[in-house]
């Protein structure tokens, strides 16, 4: 049953990605930054400038790390960022019944980052309202479960960099309370269970191979130290 559901999910998403809406806006480009409709695609350095030049009214206390699972690296061809974003939006709206694409930010295998759902609107998704109401959602394109996509160095650098930027912007210190993995939240109740969730009630997201793994120990020993060092590096450059 689980394999059948995954196959149906895959087919539905691929159909949505290959059928963009007729009203999609044409690309506009500003230096290396480009946009289409609500989406702004940029380098991580351009994202830094964008983030610190904007003000947001919503209180942000949690940064969520996710992997898309689908689309994965197999669907990325190096230039189809916008069609992938539109495919995710189509799937989230038409199949999930959400109001917009679920995530606020998307990262890609080439290291590019896209601003998606407005920051002042809470993300949607199966992580639940407790994490969403005060959260920003980062979807990292790829299937980072062990045995599947091996994250590129470019994407690794971008994920660490933008997570550090968000911590600086919103005054967060890396911890299980401020940077969370989808795997730590019960799908049925929306409650945080950390490493105690049974397999049938939690996702592997952001992947069993995400910066070493998806447990709190992996986050504390691998991901958070990388983010902390990047925060120090960025902060020093701003003095």
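In the working numbering, the protein residues as written are 236 to 474. Beta carbons: idealized from backbone N, C-alpha and C, even for Gly.
- Ranked by Cα distance from residue 370, the first of 394, 337, 387, 446 is 337.
- The residues 296, 297, 298, 402, 407, in chain order, have a CB closer than 8 angstroms to that of residue 413 in the same chain once the five nearest residues on each side in sequence are set aside.
- When C-beta atoms of the region 325-339 are compared with those of the region 386-396, fewer than three pairs fall below 8 angstroms, so the two segments do not count as touching.
- As DSSP reads the structure, residue 375 sits in a beta bridge with 302, 342.
- Secondary-structure assignment with DSSP links residue 285 through no beta bridge to anything.
- Per the coordinates, the alpha-carbon of residue 416 lies some 26 angstroms from the alpha-carbon of residue 284.
- Annotated three-state conformation of residue 364 is helix, per DSSP.
- Bridge partners of residue 348 according to DSSP: 277, 342.
- In the DSSP assignment, residue 297 forms a beta bridge with 370.
- If you look at residue 321, you'll find it in the alpha helix (DSSP H) that goes 316-325.
- A residue is called buried when at least 16 other Cβ atoms come within 10 angstroms of its Cβ; residue 460 does not meet this threshold and is exposed.
- Annotation for residue 416: the continuous beta strand (DSSP E) segment containing it runs 414-416.
- About 2 angstroms separates the CB atoms of residue 363 and residue 425; that is less than 8 angstroms, so the two are in contact.
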